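For reference, the structure is listed below as structure tokens.
There are 2 protein chains.
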Amino acid sequence: MIYQVQIKVMPLKDLLDPQGKAVLGGLHNLGMNGVSDVRVGKHITLQIEAGSETDAKAIAEEASKKLLANAVMEYFEIEVIQ
Amino acid sequence: MIYQVQIKVMPLKDLLDPQGKAVLGGLHNLGMNGVSDVRVGKHITLQIEAGSETDAKAIAEEASKKLLANAVMEYFEIEVIQ
């Protein structure tokens, strides 16, 4: 069966996020002063052929660890949709 | 009140996604052949001070349209968490 999987890769909470800071500056320049604490990460969707949802999640986790996320700077969350 | 908002910005479905193609190639090189149709977008989290959830969503939508997403190539989805 083919599962639709979403992986969110975000900068670790303790690290500075220069891209987020830049976006925040841009939003303030546009007059949106109610916005704070912007962080920018990656959102990856993929289709995984696997025997079960658990298998699909395991494959997504392997992909995240080996290629998609850099554990030194980022954490990831996996969601299997169907 | 401060709302935690997540914005997902993804390449439009009809467009090629070179970054997704590169990731797919990388995963296949790692032996993960069950993976297909990879697309890579941005995941942005921000805190928005607003009077209501509807207001927070409106601010997030304005931010997405003006700065975060390029409507020619990307679509966005907003989720207000709390």
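Residue numbers (this note's numbering), protein chains in the order written: chain D, 1 to 82; chain L, 101 to 182.
Beta carbons: idealized from backbone N, C-alpha and C, even for Gly.
Predicted, not measured: the structure shown is a model, and the values here were computed from it.
Buried versus exposed call for residue i [16 or more other C-beta atoms within 10 Å across all chains shown]
| i | result |
| --- | --- |
| Val123(L) | buried |
| Asp14(D) | exposed |
| Ala150(L) | buried |
| Lys8(D) | buried |
| Leu130(L) | exposed |
Start and end residues, alpha helix (DSSP H) containing residue i
| i | result |
| --- | --- |
| Val123(L) | Pro118 to Asn129 |
| Lys157(L) | Glu153 to Ala163 |
Cβ of residue i within 8 angstroms of any chain D Cβ
| i | result |
| --- | --- |
| His143(L) | yes |
| Gly125(L) | no |
Proximity of residue i and residue j at Cβ, strictly below 8 angstroms
| i | j | result |
| --- | --- | --- |
| Met10(D) | His143(L) | yes |
| Gln19(D) | Val40(D) | yes |
| Gln47(D) | Asp155(L) | no |
| Ile78(D) | Met132(L) | no |
| Lys166(L) | Val180(L) | no |
| Tyr75(D) | Leu12(D) | yes |
| Val35(D) | Ala169(L) | no |
Residue-chain proximity (residue i, chain L), Cβ-Cβ < 8 angstroms
| i | result |
| --- | --- |
| Ala63(D) | yes |
| Leu12(D) | no |
Partners in chain D for residue i, counting only beta-carbon separations shorter than 7 angstroms
| i | result |
| --- | --- |
| Ile148(L) | Gly34 and Val35 |
| Lys121(L) | By Cβ distance, chain D contributes nothing, its closest Cβ being about 12 angstroms from Lys121(L), past 7 angstroms. |
| Val138(L) | Ile44 and Leu46 |
Chain-ordered chain D contacts of residue i [CB-CB under 8 angstroms]
| i | result |
| --- | --- |
| Ile159(L) | Met32, Gly34 and Val35 |
First and last residue of the uninterrupted beta strand (DSSP E) at residue i
| i | result |
| --- | --- |
| Ile44(D) | Val35 to Glu49 |
| Lys13(D) | Careful: Lys13(D) lies outside any beta strand (DSSP E) and carries neither H nor E. |
| Val172(L) | Unbroken run through Val172(L): none, as it is neither H nor E. |
Residue-level contact to chain C via CB, residue i, 8 angstroms cutoff
| i | result |
| --- | --- |
| Leu68(D) | Protein chains in the displayed structure are D and L, and chain C is not among them. |
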